[in-house]
Structures are given as C-alpha cells and as structure tokens.
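Just so you know, we're using our numbering here: the sequence shown kicks off at 26 and counts up by one. Backbone N, C-alpha and C define an ideal beta-carbon position, used for all residues, glycine too. Everything numeric in this text was worked out from a predicted model, so none of it was measured. First up is the structure itself, then whatever we jot down about it.
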Amino acid sequence: CNEDLEEEVIFCHEKLSTEWLPQGSVMTVTYDYGSTTTLFLKVVKTRPTAVQRGLQYLTSSEEATNNNPSKQEEDMKAVPAHKLPKDQQIDTHFPHLSNIVVGKYVPVLQRKQGSMEDPHDSSGSRIGSIGFGKSACVRDEKNAPFLFMEGRTLCNDVLFCPTVIEPNELLQVAEQAWTPRDPDHDPDKLKQYRFDGIVRLLAPSDDDELYQMLEENQRHDYGFESKALIYRLSSSPSSSSRNISNKSASFDFQAVFPKTYGMLTNQKFRWFQYKKGVLHVICGRGVGHKHRDFEHKQVLKRWTYKFESFHELLCAVEASWIWNGTELTADMFLPQFDSDLGPSHPGPTQPFSLGTTEKCVMISQPCNQLKKLVTALAITEDKEGKTILYSGHDDGTLAKWSLEDNIQLWSKQIYIDGTNDSCRSPSVWGVNDTMGVAGIVIRPVGKSKKNHCI
Numbered sequence: 026c027n028e029d030l031e032e033e034v035i036f037c038h039e040k041l042s043t044e045w046l047p048q049g050s051v052m053t054v055t056y057d058y059g060s061t062t063t064l065f066l067k068v069v070k071t072r073p074t075a076v077q078r079g080l081q082y083l084t085s086s087e088e089a090t091n092n093n094p095s096k097q098e099e100d101m102k103a104v105p106a107h108k109l110p111k112d113q114q115i116d117t118h119f120p121h122l123s124n125i126v127v128g129k130y131v132p133v134l135q136r137k138q139g140s141m142e143d144p145h146d147s148s149g150s151r152i153g154s155i156g157f158g159k160s161a162c163v164r165d166e167k168n169a170p171f172l173f174m175e176g177r178t179l180c181n182d183v184l185f186c187p188t189v190i191e192p193n194e195l196l197q198v199a200e201q202a203w204t205p206r207d208p209d210h211d212p213d214k215l216k217q218y219r220f221d222g223i224v225r226l227l228a229p230s231d232d233d234e235l236y237q238m239l240e241e242n243q244r245h246d247y248g249f250e251s252k253a254l255i256y257r258l259s260s261s262p263s264s265s266s267r268n269i270s271n272k273s274a275s276f277d278f279q280a281v282f283p284k285t286y287g288m289l290t291n292q293k294f295r296w297f298q299y300k301k302g303v304l305h306v307i308c309g310r311g312v313g314h315k316h317r318d319f320e321h322k323q324v325l326k327r328w329t330y331k332f333e334s335f336h337e338l339l340c341a342v343e344a345s346w347i348w349n350g351t352e353l354t355a356d357m358f359l360p361q362f363d364s365d366l367g368p369s370h371p372g373p374t375q376p377f378s379l380g381t382t383e384k385c386v387m388i389s390q391p392c393n394q395l396k397k398l399v400t401a402l403a404i405t406e407d408k409e410g411k412t413i414l415y416s417g418h419d420d421g422t423l424a425k426w427s428l429e430d431n432i433q434l435w436s437k438q439i440y441i442d443g444t445n446d447s448c449r450s451p452s453v454w455g456v457n458d459t460m461g462v463a464g465i466v467i468r469p470v471g472k473s474k475k476n477h478c479i
C-alpha cells in the first residue's frame, strides 16, 4: 500500500475484511481503463467472525506451505528428471535458451578473440517475463500464442511464437534464435540494434502460409531502432540459409517431462509463466490485453524458489500438475477452464455467394503486393432499369459497374492515393490501416427515382 495515499484507499491486491466494510456499508470503486468508471457497491452480507478467521488461518497456512523453499525444493527433487546426469539435462542440449530463461545474459553477436569483455555480461537478466504453453486462442485456431519472452521493461517482446509448435521442434528453433551470430557474417547488421530492439519470431516447419506472412511483415520496419528475425526448421535441404537445418535433437522433451509435454500438446489452455523470479503454473485462458495475465483461481502452484537452471524450472513445472489435491492428467476435463477453447475474438467468416465464380464481376486487382481493398459499395438502377454498382477503394478511386453487362463503365480518382503511405503496412494478422472512400450515398435527382447522384 502506498503510504503517500489516504488510508481509505484500498488497492485491488488488498484483501477486504469486515473491519473495513461492515454489513450495510457502501464502497465506491473507481477505475480508469481509457475512460473513468465509478461503481457503488453495497455490502449485503458478511461471514461470521469465527468462520472468517478460520478461513484466514487455512489460507495463510496453505500459502506458507506452498511458499516454503524447503518444501518446494523437496517437491522439485521428487521429479524423476531431477536425478538425470548433467549431460542428459535440457541445459546441455539448449545452452543459450537455458541461460536466457534463468536470467543470464546472452549476447547477440559472438565475441571475437582478444576483444574486451562485454559490459552487458554482468548487467543481470534482460528478460522480464517468459510464458510457455497455449495461453490464448485469439482470431482462429492457428492464432494461439505458444511462447513469448518480454524484455526487462515488459514493454515489448524479444521472442514470440504465434502458434502451437511441437515442443521438441520449438526448443530447437528457440535455441537457434538465441545463438549468438558471427559478427563477420551478419547480413542483418544486428550490431546497430539494442538488445530489446530485436524480436525473434518462431514459425512451425509445416506452415508455409504463416512463414510467408511473417516474411511479408519483416519487409516493413517494425519501428524505430527495431528489427524482426524469423526462425523455423528447414523443411527441405534446398531452403534458404536463414532457415535452420532439420536435424533430430537428441533431447526428448516427452521422455524427460512426460506430464508437462502432455499438457502442452493437449490443445487446452495449460501454460506456465516465469516473471521476475516467480513461477506460476496455470490452467485456463490468459486474461488482459495480451492474454498474459491470470486470476488467482487459475494458478495450480506458485514457486518462489531460486532456480539455478532451466532443467530445475521444468522439474518444478512437472511437479505442479495437481488440481484440488488430485493429479491432473492431459485428458482431464476441467469445466471452468475447458468448456470454451475457441477463439476469444474470432475473425470474419468467408461470405456466402449467390452466384458462380465464372459470373462474378472483378472489382479488385492486386496492387503493389497488397490487394486493392474495396472500402465501400452502393447499388441502384439507371434510367434503362439496369442494375448499377458503385465501388469505392482504399486507393481513392470510385468505379461504376454494370452488373447485367458485367463490365466497368468508368473509374475515377477522387481522393489522393495513400496506399503507399509508410503507416499502411501488413502486420501478422492483416492490414493495419485503410484509406480511400469511406462510404457511398445515392440520392435521387428530381421526381424520377431513376435519376440519381452519388
């Protein structure tokens, strides 16, 4: 609680008690999320003091047990994978990824022999938050973020995987993404970018559509002093050098961490987050603007243990799949979290068609690798009773069509073409901005309905 504020102000993370809010009292809650909203809540019922104290005792006892470092270490060491020799642990197979997870600095470029020590080596972790597992399903089934790493300030991603990838493949791609480059072979000139100005985008080897979409996005600047890099396993020997050679890794995630592997691949919302030294193992869809927050009821277990390696962290995750005292299995259905696994913000469906492709009138043509978007439509009849269609486009043109004759009558530039403006660029999910004709209104001229103006 901030001591500079009045004592009556209770923050959202504070527990409310009957001492502050007796029965019948009114509480005013004000919050600001774009616009200020005020709620007036009246306390209609309170628990008896004895019951409340009992619940507080049980809650505090449970939290004390879960947060006990000795108990957490005991649970972690009980996982069979914890007893594996060092050469069989995940850190040996993916050293750079493991270092970045536990807060060690990994340089962008390799250090040359004889060069001075990198001043960033002792500057602490450059990662603020890591999330691994399906935490959301946004536009469609493919749009399900599976791995993210945020910079130290939590303002931007330094690594992002926008879709579910088989864990063994994902580990290989992520390791390559964090492997320092040879400074003599650096076509992207990464030396000029800040550490948190580089975002590594991961794509599955069998999804060419997503890879091409990420490549298209890469051609446009991500912003001032920022750079996007794309990584995936190569699907063929003839692939470009930017792709990773498809070599089978000797580390088997499923064999070492079978419970966690099952949770990550069961198509449900099972994930974990490591943020500022605290690990949460979570069930259910992420909440918040980026779907990376969660509610208390979603947490299976909270760890404050200081992990020395990525292997230790995954052992802790492996020991956390317990729900209400029962071991959680991959096929177990939790109604409060698994009833709705579909998109939270589904994209538009394909429009229905009342005709055939051969009889369709083409009113849009490719333009500068981006489609010439149709931004407005209006339909009417001319003097001869023929059906006329007017189409407005994002390049500022207005076109007139005869649907019965299947021809374009004319096309006029009525606004400046802004499609090449720098702020109009395709993102991972589509076009950010559209310009041009925003709407078309047809008005009758005189008493005749056949004469009109637009």
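Should the segment 147-166 be called in touch with the segment 116-128, which here means at least 3 C-beta pairs below 8 Å? yes
Answer yes if the segment 325-333 comes into contact with the segment 173-190, meaning at least three C-beta pairs across the two stretches below 8 Å, and no otherwise. no
Unbroken beta strand (DSSP E) run spanning L304, endpoints: If you number the sequence shown from 1, residue 304 lands on position 279. Per DSSP, L304 belongs to the beta strand (DSSP E) from V303 to C308.
Within the continuous beta strand (DSSP E) that includes W296, where are the two ends? As a working mapping, residue 296 is identified with position 271 in the sequence shown. Segment R295 to K300, the beta strand (DSSP E) holding W296.
Decide if the segment 202-212 is in contact with the segment 154-173; the criterion is three or more beta carbon pairs, one per stretch, under 8 Å apart. no
Rounded straight-line distance, which links the Cα of N349 to that of E175: Within the sequence shown, residue 175 is the residue found at index 150, counting from 1. Within the sequence shown, residue 349 is the residue found at index 324, counting from 1. Distance between the alpha carbons of E175 and N349 is about 31 Å.
Look at A463 and A401 and say whether their C-beta atoms are less than 8 Å apart. As a working mapping, residue 463 is identified with position 438 in the sequence shown. As a working mapping, residue 401 is identified with position 376 in the sequence shown. In contact: A463 and A401 (Cβ atoms closer than 8 Å).
Given P105 as reference, the closest of A344, Y440 and P360 once Cα atoms are compared: Translated into positions along the sequence shown, residue 105 becomes position 80. The option with the nearest alpha carbon to P105 is A344.
For the segment 354-361 against the segment 275-292, do three or more pairs of beta-carbon atoms, one drawn from each stretch, fall closer than 8 Å, so that the two count as touching? yes
Does DSSP classify L258 as helix, strand or coil? Here residue 258 corresponds to residue number 233 of the sequence shown, with the count starting at 1. Looking at L258 - three-state DSSP - the assignment turns out to be strand.
Whole-angstrom distance between C162 and S436, CA atom to CA atom: On the sequence shown, position 411 is the one that residue 436 refers to. On the sequence shown, position 137 is the one that residue 162 refers to. Their backbone Cα atoms lie some 42 Å apart in a straight line.
With Q113 as the anchor, note down where its beta strand (DSSP E) starts and where it stops. Taking the sequence shown and counting its residues from 1, one reaches residue 113 at position 88. Segment: none, Q113 is in no beta strand (DSSP E) and carries neither H nor E.
Excluding the 5 residues preceding and the 5 following I441 in the sequence, name in chain order all residues of the same chain whose CB lies nearer than 7 Å to its CB. Taking the sequence shown and counting its residues from 1, one reaches residue 441 at position 416. If we look at I441 and ignore the five residues flanking it on each side, its Cβ neighbours are G421.
Cut-off 7 Å between Cβ atoms - residues of its own chain near G367, not counting five sequence neighbours on either side: The residue you call residue 367 lines up with position 342 of the sequence shown. These residues qualify, in order along the chain: C162.
Can you find at least 3 beta carbon pairs, one from the segment 306-313 and one from the segment 203-217, that sit closer than 8 Å? no
Run through DSSP, which three-state label would C478 get? For the purposes of this step, residue 478 is taken as residue 453 along the sequence shown, with counting starting at 1. Of the three classes helix, strand and coil, the one that applies to C478 here is strand, per DSSP.
Would you mind sorting K159 into buried or exposed? The rule is 16 or more other CB atoms within 10 Å of its CB. The residue given as residue 159 occupies position 134 in the sequence shown. Under this definition K159 is a buried residue.
Check D330 in the structure and name its three-state DSSP category. Position 305 of the sequence shown holds residue 330. The sequence as given places Tyr at residue 330; Asp does not occur at that position. Correct three-state label for Y330: coil.
What span of residues does the beta strand (DSSP E) with F358 cover, start to end? Sequence index remark: in the sequence shown, residue 358 carries index 333 (1-based). That residue, F358, is in no beta strand (DSSP E); it is neither H nor E in DSSP.
Segment limits, alpha helix (DSSP H) that includes K284: Your numbering for residue 284 matches position 259 in the sequence shown. Element bounds for K284: P283 to L289.
In the DSSP output, what is I441 paired with across the bridge? On the sequence shown, residue 441 is found 416 positions in, with the first residue counted as 1. I441 pairs with nothing; no bridge assigned.
Do V69 and S50 have their beta-carbon atoms positioned less than 8 Å apart in this structure? What you label residue 50 is simply residue 25 of the sequence shown in a count that begins at 1. What you label residue 69 is simply residue 44 of the sequence shown in a count that begins at 1. It is not a contact, given that the beta carbons lie outside the stated cut-off.
Need the endpoints of the alpha helix (DSSP H) that Y236 sits in, please. Start at 1 with the first residue of the sequence shown, and residue 236 comes out as number 211. Counting along the chain, the alpha helix (DSSP H) containing Y236 begins and ends at D233 to Q243.
Within its chain, find whatever has a CB closer than 6 Å to the CB of H316; leave out the 5 residues flanking it on each side and keep chain order. Position 291 of the sequence shown, counting from 1, holds the residue named residue 316. The answer, listed in chain order, is S160 and A161.
Is the beta carbon of I255 closer than 8 Å to that of P229? On the sequence shown, position 204 is the one that residue 229 refers to. On the sequence shown, position 230 is the one that residue 255 refers to. Contact: no.
On the premise that R295 lies in contact with L289, defined as a C-beta separation below 8 Å, what is that separation, rounded to the nearest angstrom? Taking the sequence shown and counting its residues from 1, one reaches residue 289 at position 264. Taking the sequence shown and counting its residues from 1, one reaches residue 295 at position 270. Sure, about 7 Å apart at Cβ, within 8 Å.
G222 - DSSP class collapsed to helix/strand/coil: Counting from one through the sequence shown, the residue named residue 222 turns up at place 197. G222: helix per DSSP, three-state reduction.
Are the beta-carbon atoms belonging to Q298 and G417 less than 8 Å from one another? Locating residue 298 in the sequence shown gives position 273, counting from the first residue. Locating residue 417 in the sequence shown gives position 392, counting from the first residue. No; because the gap between Cβ atoms is not below 8 Å, this pair is not in contact.
Measure the beta-carbon distance from Y218 to K167 and round it to whole angstroms, keeping in mind my assumption that it falls under 8 Å. For this step, residue 218 is matched to residue 193 along the sequence shown. For this step, residue 167 is matched to residue 142 along the sequence shown. Y218 to K167, Cβ: 29 Å. No contact.
Assuming L134 contacts L215 (C-beta within less than 8 Å), just tell me the rounded distance between them. One-based indexing of the sequence shown puts residue 134 at position 109. One-based indexing of the sequence shown puts residue 215 at position 190. 6 Å between Cβ atoms; contact.
With 16 as the cutoff for other CB atoms within 10 Å, does E142 come out buried or exposed? One-based indexing of the sequence shown puts residue 142 at position 117. With a pLDDT of 48 at E142, under the threshold of 50, the modelled position of that residue is not reliable, and no figure is offered here.
Of all the beta strand (DSSP E) runs that stay within the bounds of the segment 129-197, which reach a length of 3 or more residues? 152-158, 172-176 and 182-186
For a test of the three-state rule: what should DSSP assign to E39, helix, strand or coil? Here residue 39 is taken as the residue at index 14 of the sequence shown, counted from 1. Because E39 carries a pLDDT of 42, less than 50, the predicted location of this residue cannot be relied on, and no value is offered for it.
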